[in-house]
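Since the structure comes first, as structure tokens, the remarks are kept for the end.
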Amino acid sequence: QVCKKIPLAALAPDSLAMAPMKAMKAKATMKAMKGAKLMSKGALATELSEASGLKKGEISTILDTLAEIGTKEVKKNGKFTLPGLCMIKTRKKKATKGGKKMMFGKEVKVKPQPAKTVVKAFPVAALKQQI
38 QVCKKIPLAA LAPDSLAMAP MKAMKAKATM KAMKGAKLMS KGALATELSE ASGLKKGEIS
98 TILDTLAEIG TKEVKKNGKF TLPGLCMIKT RKKKATKGGK KMMFGKEVKV KPQPAKTVVK
158 AFPVAALKQQ I
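Heads up, the sequence shown is in this note's numbering, so the first residue is 38 and it goes up one at a time.
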């Protein structure tokens with residue numbers, strides 16, 4: 038059999054032409070996200086104190102307590118939910134063997150990694166629908 042070489046551009050001309058454009062757009066959105074100011078703990082305490090009428094110091098202790106309770110629950114049960122906001126879960130990643138792997142056409146030595154527990158946060162369905 039004779040195998041003809043077909044240029045990639047002939048197979049999918051639109052997707053190849055759009056790939057650099059998509060990468061540039063993704064880069065621009067990441068830069069925009071970096072420039073955005075994130076709300077600090079103090080700013081959050083101020084907002085909550087204005088909304089609830091409690092003192093800023095009291096709100097700060099409530100936030101600290103919430104963090105402690107969340108940490109304790111995630112360690113104990115592996116799951117903690119902030120109603121209307123997010124669910125925090127733990128996930129166990131298995132150990133990986135060391136050896137040699139092909140990466141980008143080069144052979145690279147990979148160190149063995151031990152098994153570890155990873156913490157992940159997922160938005161609640163109500164939050165997903167609002168955004």
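A virtual CB, placed ideally from N, CA and C, is assigned to each residue, including glycine.
Predicted model, so just to flag it, every value in this text is computed and none were measured.
Since K93 is in the beta strand (DSSP E), which residue starts that stretch and which ends it?
From DSSP, K93 is part of no beta strand (DSSP E) but of the alpha helix (DSSP H) over K93 to N114.
How close, in whole Å, do the beta carbons of A82 and K74 come, if the pair is a contact with beta carbons under 8 Å?
No, A82 and K74 are not in contact; Cβ-Cβ is about 16 Å, not under 8 Å.
Output the boundary residues of the alpha helix (DSSP H) element that contains A162.
That run of the alpha helix (DSSP H) goes A162 to Q167.
Keeping to the same chain, check which residues put their C-beta closer than 6 Å to that of K129; ignore five residues upstream and five downstream.
So the qualifying residues of the chain are T154.
How about the region 155-166 and the region 116-127: do they share at least three Cβ pairs that are nearer than 8 Å?
Touching, per the Cβ criterion.
Give the DSSP-derived three-state secondary structure of G136 in the structure shown.
DSSP places G136 in strand when its eight states are reduced to three.
Kindly indicate which three-state DSSP category K152 falls into: helix, strand or coil?
Lys is not the amino acid found at residue 152; the sequence shown has Ala there. Reduced to three states, the DSSP call for A152 is coil.
Let me check understanding here. Comparing Cα to Cα, which of K116, M140, G115 and A152 lies closest to T133?
For the residues K116, M140, G115 and A152, the minimum Cα distance to T133 belongs to A152.
Reducing DSSP to helix, strand and coil, say where G90 ends up.
Reduced to three states, the DSSP call for G90 is coil.
Return helix, strand or coil for L53, following the three-state DSSP convention.
Residue placement at L53 is flagged as unreliable, the pLDDT there being 48, under the threshold of 50; the coordinate-derived value follows with that caveat. In the structure shown, L53 sits in a helix (DSSP, three-state: H, G or I).
What are the boundary residues of the beta strand (DSSP E) that includes K74?
K74 -> no beta strand (DSSP E), and no H or E assigned at all.
For M139, I'd like the list of residues in its chain whose CB is within less than 8 Å of its CB, leaving aside the five on either flank, ordered along the chain.
Hits under 8 Å: V145.
Could you please give the first and the last residue of the uninterrupted beta strand (DSSP E) stretch that includes K126?
Taken as a continuous stretch (DSSP letters only), the beta strand (DSSP E) holding K126 covers C123 to K130.
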